[in-house]
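Working notes, beginning with the structure itself.
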């Protein structure tokens, strides 16, 4: 069976209002700029989280594209993708990392990893056929980190500690004859300076 490369474009949603129910005006502008950047990409689909901030981002991006379908997917939602055991973590970071996870509901910690595994199965790896496939997933910080971690074959817990800017772009190539390649990560070059680095804690912005 012939296999072709998949190009997976990953974008965190635009900046959201405090209750996460919609995009801010800056978030809408971020999404429109990302749509302009992707207008020339040969995308076959835009998958998105069902949550409003991701759905609205995807709709604004799609408004800059020509005939690319939108597809809502729970697999692209905002979930904790993996819950590490203490003995998996470097001792110097274990307390800090586990304290972060302690704030999530138990149901989320149980369900998130299953959805993360489904996301890996759905969105990664080479594709059947002879033509490369280009797809965009508009999602959340944790899933982008999870998929980048997987592309690097890093330990499962290593999704923690990676931050993505709002409307930043990551591109991963999955070729049939070589390991996955992270071609672009957290790229904000399409955003004006005043729209960059939102989604990062203030001390990490540059």
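Residue numbers (our numbering): 38 to 243. Every residue, glycine too, gets a C-beta built ideally from N, C-alpha and C. Computed from a prediction, not measured in an experiment: that's the story for all the values here.
For residue 172, the enclosing beta strand (DSSP E) has its first and last residue at 170-176. In this structure residue 123 is exposed. Its beta-carbon is surrounded by fewer than 16 other beta-carbon atoms within 10 angstroms. By the CB criterion at 8 Å, residue 116 and residue 149 fall inside the cutoff. Taking 8 Å as the cut-off, the Cβ atoms of residue 75 and residue 160 do not count as close.
Scanning its chain for C-beta atoms nearer than 6 Å, with the 5 sequence neighbours on each side dropped, one finds around residue 92 the residues 85, in chain order. In this structure, residue 50 and residue 175 form a Cβ contact; the two beta carbons are roughly 6 Å apart against a cut-off of 8 Å. For residue 182, the three-state secondary structure derived from DSSP is helix. Taking 8 Å as the cut-off, the beta carbon of residue 189 is found no closer than this to the beta carbon of residue 80.
Sequence-distant Cβ neighbours of residue 47 in its own chain, meaning closer than 6 Å and more than five residues away, are 174, 181, 207. A residue is called buried once 16 or more other Cβ atoms fall within 10 Å of its Cβ, and residue 195 is buried on that count. Only residues of its own chain outside the window of five on either side were considered, and among them 65, 68, 69, 72 have a CB closer than 7 Å to the CB of residue 97, listed in chain order.
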